[in-house]
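Asker: Using the working numbering, the letters of the sequence shown correspond one by one to residues 1087 to 1466. Backbone N, C-alpha and C fix where the C-beta goes; we use that ideal spot for every residue, glycine too. Just so you know, these numbers come straight off a predicted model, no measurement behind them. Here it is, the structure, as structure tokens.
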Amino acid sequence: SLLEEYIPESRYFSPSRLIDDFSRALKLECDFNREALNISRFAEYFQDDPGLIVPKVFREFSSKKILIEEFIDGYRADNAEQIKKDGIDTAPLARILERVVLTSLFKHGFFHADPHPGNIIITKDAKVAFVDFGRMVRLDQNRMHSILNFFIAITNSDADGICYFLFENEMVSSIVYDLNLKKQILEILDGYSGRTLRELSLWQLFADLFEIIRRYGLRPPTDLLDMGRALSTLQAVAQELDPNYNPIESVRPFLKHQYVNQISDQKWYSRKLMNISRSYGTFFTELPLQLMFILRKLLKNELCLMHENADLKRIENHQNALLNRFLMTLIGSSLVFSGLLFLQSAKSQIELGGAYLFICWGISIFLFVWLAIRKTGGMS
């Protein structure tokens, strides 16, 4: 896009990708058949949870453009003051909300991607209801396992675990991982030690970690940003309902329990072994064909090895830029000089106008070269 071309700093935010993501999300949110399926799936996952209400969908009256749901009466989740005034104990509501959010994130891998307080309703019989299921995120087992390890590392202030996740997901290079990354993450984690519960912000912690990634020109995966937003909303709403809610101390036991369940799940190991076997099978099947292809190219003298030296390329580009500026300056000087000569000998208005035109062209070229030099930080 033009924004990325002329403002390099915007490339981190990937404006074109953001527009594509927004367009795709908007199309999904406008498809009410899909939202109805999301509601049904979410309700199925939490059918045994007595503290959660998922609105019933009237499929016989719904279509792709119309969605008829059960009306749920209650309060916005962040209206804790009014909820308490009406005699509802809000502390247990924070535990229900925590259970639902963490279970959807780390057990089912199917979670609400737009969990602002307006989409969370507290009913008058002290239950929690979620609405607006247009944007949901789905994670596979391997991705859930990887992200689970990442969040366990965060709650345990484990810099090595955080580094490994970033390295594993190609958000940082191996050189960065070896030299700088751990030190910077430790500095961030140390900055959060000793803070009070109200001062501890999960979203700020994620933002600080993602800022490290941004420095190296990379962008966190969208699903990780969505999970960070969901956990941050959990913290904000839960602390409104229960001022003593501690996000780290509350999340850590659940994560550990879920991790133990995952590593003891024989089906997960079976899928993992099957995927590994399939990968090795593909590798050993295709390797002989690839080697044969390379040997044929070599025997026919068609094999070409390319090596590009980045430093030499940079020097070449620099020399070309200097040469271009020199030539442009020479042309500009010639135009100004010619214009001055014509100005001396001009005998008519047309000749006078031509002389001024030459001078203006020359000055324009000088300005162009000067702006180019300033943009690149000088002649060097």
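Report the rounded CA-to-CA distance for L1283 versus Q1321, giving the unit in angstroms.
Answerer: Walking along the sequence shown from the start, residue 1283 turns up at place 197. Walking along the sequence shown from the start, residue 1321 turns up at place 235. Note that L1283 scores 48 on pLDDT, short of 50, meaning its location in the model is unreliable and no value can be drawn from it.
Asker: Does DSSP put I1207 in a helix, in a strand, or in coil?
Answerer: As a working mapping, residue 1207 is identified with position 121 in the sequence shown. Strand.
Asker: Reducing DSSP to helix, strand and coil, say where L1153 ends up.
Answerer: Position 67 of the sequence shown holds residue 1153. The answer is coil: DSSP assigns L1153 none of H, G, I, E or B.
Asker: Using only CA atoms, which one of F1128, E1155, G1160 and G1277 lies nearest to S1190?
Answerer: Taking the sequence shown and counting its residues from 1, the one referred to as residue 1190 is at position 104. Nearest C-alpha to S1190: F1128.
Asker: As an exercise, report each continuous alpha helix (DSSP H) stretch of at least 4 residues that is fully enclosed by the segment 1143 to 1190, in chain order.
Answerer: 1166 to 1171 and 1177 to 1189
Asker: Give the DSSP-derived three-state secondary structure of F1219 in the structure shown.
Answerer: Position 133 of the sequence shown holds residue 1219. Note: F1219 maps to coil in three-state DSSP.
Asker: Can you give the Cα-Cα distance for C1446 and Q1435, rounded to whole angstroms?
Answerer: In the sequence shown, residue 1446 corresponds to position 360, counting from 1. In the sequence shown, residue 1435 corresponds to position 349, counting from 1. Computed Cα separation, rounded: 16 angstroms.
Asker: With DSSP as the reference, label R1224 as helix, strand or coil.
Answerer: Locating residue 1224 in the sequence shown gives position 138, where the first residue counts as 1. In this structure, R1224 counts as strand in the three-state DSSP scheme.
Asker: By DSSP, does H1202 sit in helix, in strand, or in coil?
Answerer: Within the sequence shown, residue 1202 is the residue found at index 116, counting from 1. H1202: coil per DSSP, three-state reduction.
Asker: Put V1214 into one of helix, strand or coil per three-state DSSP.
Answerer: Working through the sequence shown from its first residue, we reach residue 1214 at position 128. Three-state result, V1214: strand.
Asker: Assuming I1152 contacts P1141 (C-beta within less than 8 angstroms), just tell me the rounded distance between them.
Answerer: Locating residue 1152 in the sequence shown gives position 66, where the first residue counts as 1. Locating residue 1141 in the sequence shown gives position 55, where the first residue counts as 1. Contact doesn't hold; Cβ gap of about 15 angstroms is too wide.
Asker: Could you name the residues that DSSP lists as bridge partners for I1139?
Answerer: By 1-based counting over the sequence shown, the position of residue 1139 is 53. DSSP, once it has assigned bridges, lists A1215 as partnering I1139.
Asker: What residue from F1216, I1208 and E1273 has the CA that sits closest to L1179's CA?
Answerer: As a position in the sequence shown, residue 1179 is number 93, starting the count at 1. Of the candidates F1216, I1208 and E1273, the one whose C-alpha sits nearest the C-alpha of L1179 is I1208.
Asker: Does the beta-carbon distance from L1114 to R1221 come in below 8 angstroms?
Answerer: Residue 1114 sits at position 28 when you count from the first residue of the sequence shown. Residue 1221 sits at position 135 when you count from the first residue of the sequence shown. Cβ distance < 8 angstroms, so L1114 and R1221 count as in contact.
Asker: Is the shortest distance between the beta-carbon of H1343 and the beta-carbons of chain C less than 8 angstroms?
Answerer: The chain labelled as chain C is not found in the depicted structure, where only one protein chain is given.
Asker: Opposite F1196 in the DSSP bridges: which residues?
Answerer: For the purposes of this step, residue 1196 is taken as residue 110 along the sequence shown, with counting starting at 1. DSSP, once it has assigned bridges, lists R1224 as partnering F1196.
Asker: Going by the CB atoms, is the gap between I1238 and K1342 shorter than 8 angstroms?
Answerer: Working through the sequence shown from its first residue, we reach residue 1342 at position 256. Working through the sequence shown from its first residue, we reach residue 1238 at position 152. Taking 8 angstroms as the Cβ cut-off, K1342 and I1238 qualify as a contacting pair.
Asker: Whole angstroms are fine: how far does the CA of R1224 sit from the CA of E1121?
Answerer: Position 35 of the sequence shown, counting from 1, holds the residue named residue 1121. Position 138 of the sequence shown, counting from 1, holds the residue named residue 1224. Distance between the alpha carbons of E1121 and R1224: 13 angstroms.
Asker: Where A1199 and R1315 are concerned, what is the direct C-alpha to C-alpha distance, given to the nearest angstrom?
Answerer: Position 113 of the sequence shown, counting from 1, holds the residue named residue 1199. Position 229 of the sequence shown, counting from 1, holds the residue named residue 1315. Answer to the nearest angstrom: the Cα atoms are 8 angstroms apart.
Asker: Mapping DSSP to helix, strand and coil, what is D1351?
Answerer: Stepping through the sequence shown from its first residue, residue 1351 is reached at position 265. Coil at D1351, not helix or strand.
Asker: Please report how far the alpha carbon of V1186 lies from the alpha carbon of F1253, in whole angstroms.
Answerer: The residue given as residue 1186 occupies position 100 in the sequence shown. The residue given as residue 1253 occupies position 167 in the sequence shown. Cα to Cα, the separation comes out at about 30 angstroms.
Asker: Does the Cβ-Cβ distance between G1440 and V1422 come in under 8 angstroms?
Answerer: As a working note, residue 1440 is residue 354 in the sequence shown. As a working note, residue 1422 is residue 336 in the sequence shown. No; because the gap between Cβ atoms is not below 8 angstroms, this pair is not in contact.
Asker: Candidates I1174, K1213 and F1292: which alpha carbon is nearest L1317's?
Answerer: As a working note, residue 1317 is residue 231 in the sequence shown. Nearest option by C-alpha distance: F1292.
Asker: Could you tell me the boundaries of the alpha helix (DSSP H) in which E1254 lies?
Answerer: For the purposes of this step, residue 1254 is taken as residue 168 along the sequence shown, with counting starting at 1. Counting along the chain, E1254 sits inside the alpha helix (DSSP H) bounded by residues A1245 to E1254.
Asker: Go through its chain and collect everything with a Cβ distance to T1176's Cβ below 7 angstroms, but skip five positions before and after it.
Answerer: Here residue 1176 refers to the residue found at position 90 of the sequence shown. Answer for T1176: A1166, I1169, K1170, L1327 and D1328, listed in chain order.
Asker: Use the C-beta contact count for E1369: other C-beta atoms within 10 angstroms, 16 or more gives buried, fewer gives exposed.
Answerer: Numbered from its first residue, the sequence shown carries residue 1369 at position 283. The residue you asked about is not Glu; residue 1369 is Phe in the sequence shown. Under this definition F1369 is an exposed residue.
Asker: What number of angstroms, rounded off, separates the C-alpha of G1418 from the C-alpha of L1443?
Answerer: By 1-based counting over the sequence shown, the position of residue 1418 is 332. By 1-based counting over the sequence shown, the position of residue 1443 is 357. In a straight line, the C-alpha of G1418 is about 12 angstroms away from that of L1443.
Asker: Assuming I1206 and A1163 make a contact with CB atoms under 8 angstroms, what is their CB distance in whole Å?
Answerer: If you number the sequence shown from 1, residue 1206 lands on position 120. If you number the sequence shown from 1, residue 1163 lands on position 77. Confirmed, about 4 angstroms.
Asker: What do you reckon, are the CB atoms on I1240 and L1310 nearer than 8 angstroms?
Answerer: The residue you call residue 1240 lines up with position 154 of the sequence shown. The residue you call residue 1310 lines up with position 224 of the sequence shown. Contact: no.
Asker: Roughly how many angstroms separate the alpha carbons of L1416 and F1428, rounded to a whole number?
Answerer: As a working mapping, residue 1416 is identified with position 330 in the sequence shown. As a working mapping, residue 1428 is identified with position 342 in the sequence shown. In a straight line, the C-alpha of L1416 is about 18 angstroms away from that of F1428.
Asker: Once DSSP output is grouped into helix, strand and coil, what is the label at C1390?
Answerer: As a working note, residue 1390 is residue 304 in the sequence shown. C1390: coil per DSSP, three-state reduction.
Asker: Which value, in whole angstroms, describes the spacing of the CA atoms of I1380 and A1245?
Answerer: In the sequence shown, counting from the first residue as 1, residue 1380 sits at position 294. In the sequence shown, counting from the first residue as 1, residue 1245 sits at position 159. Cα to Cα, I1380 sits roughly 43 angstroms from A1245.
Asker: Check this for me: beta carbons of V1346 and L1183, under 8 angstroms apart or not?
Answerer: Here the question's residue 1346 lines up with position 260 in the sequence shown. Here the question's residue 1183 lines up with position 97 in the sequence shown. No, Cβ-Cβ distance for V1346 and L1183 is not below 8 angstroms.
Asker: Can you grab the Cα-Cα spacing for the pair D1351 / C1390, in whole Å?
Answerer: Counting from 1 along the sequence shown, the entry for residue 1351 is found at position 265. Counting from 1 along the sequence shown, the entry for residue 1390 is found at position 304. Answer to the nearest angstrom: the Cα atoms are 49 angstroms apart.
Asker: Output needed for F1236: all residues of its chain with C-beta closer than 6 angstroms, excluding positions within five of it in sequence on either side, in chain order.
Answerer: In the sequence shown, counting from the first residue as 1, residue 1236 sits at position 150. In chain order, F1251 place their CB closer than 6 angstroms to the CB of F1236, counting only its own chain and leaving out the 5 sequence neighbours on each side.
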